[in-house]
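Before any comments, here is the structure.
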Amino acid sequence: MSEIQNKMSSSNINLDGIELMDLFQIAHYLRLTSIIKVTSSENEVGYILFESGEVTHCKIENKNFSEEAFEEILSWDNYVVRNFKYDNGSKLERNINLRFEVFLLNTLRKIDEKRASIPKKEDKKSKDSTYIYEIEKINDFCKNQMLNNNKIISISVLDIKEKNIIGIAYNTDDNKKLVHELTNNFFSIGMNKSIQNIESLLGIKSEEEFLVEEYYISIPIFQISKSISEKWALSLIWGSDSNKIFALKSVRDILIELNKIL
């Protein structure tokens, strides 16, 4: 019997059906102290110790522990969850020292990076129909953004991987042509050179963040959404000043709105 098992009381609560992310956040915000036992569909068993809402110890039986164990447990698709009271008569050695929010975000980022690196086999018909649906939603989103600000004359959202425009809204045909010319320029001369041209036009450097009138600007490119099959996108917002780029707005800044529609 492992050291962490010795700290578990005999009474436990069945938490089947609850998502691990939901459970962890509840434990954190309620500042709970307990041991969460997670059993995967492959019968691997992991233990996560919360003390006053912070993850302090994590282990998978006969395998890894600490951050690696937590990352693996969170990546399990199917699991059974039990919650045990923690007998803290003698403390377990702490093997996780980061604050919960930082630790959780770091772990989720690593999981996303690993999943994105795995080649995906998708049914082409299903993939195409999903992509069309996403484009329709993004188009609607672009139009709504224009309606909310009369200074914007056009918006486009680019799919860097597929080399096309997946969302566009404009107030005149001339501005539509203008957007297509600029976005095609991204793909014909290369992304890095295009960004350099925009930086020169706006007088800024990559990763510099500031305000241009009422718009928030951020370069470089950010991932638009997991549902866009890990494609990369950039939103370009054109303004009414001399038919030039009024601002760039990173997709990161509109993720919350996009996630509501995708």
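The opening position of the sequence shown corresponds to residue 0 in numbering that gives the first Met the number 0, with each subsequent residue numbered one higher. All C-beta atoms, glycine included, are put in the ideal place defined by N, C-alpha and C. Computed from a predicted model, the values in this text were never measured in an experiment.
Only exposed fits Lys62, as fewer than 16 other CB atoms lie within 10 angstroms of its CB. Where Ile95 is concerned, there is no enclosing alpha helix (DSSP H), because DSSP gives it neither an H nor an E. Going by C-alpha positions, Ile34 is about 51 Å away from Ala168. Judged by DSSP in its simplified three-state form, Leu29 adopts coil rather than helix or strand. In terms of CA proximity to Ile72, Phe23 leads the group Phe23, Glu53, Glu135.
If you draw a straight line from the Cα of Glu70 to the Cα of Leu19, it is about 12 Å long. For Ile72, there is no enclosing beta strand (DSSP E); the enclosing alpha helix (DSSP H) covers residues 65-74.
Exclusion of the five residues before and after Ser65 leaves Cys57, Asn94, Ile95 as the residues of its chain whose Cβ lies within less than 7 Å of its Cβ. Sorting Val80, Tyr28, Asp21 by C-alpha distance to the C-alpha of Asn42 places Val80 at the top. Note that the C-beta distance between Val44 and Ile25 is not below 8 Å.
In the structure shown, Asn143 falls within a helical segment according to DSSP collapsed to helix, strand and coil.
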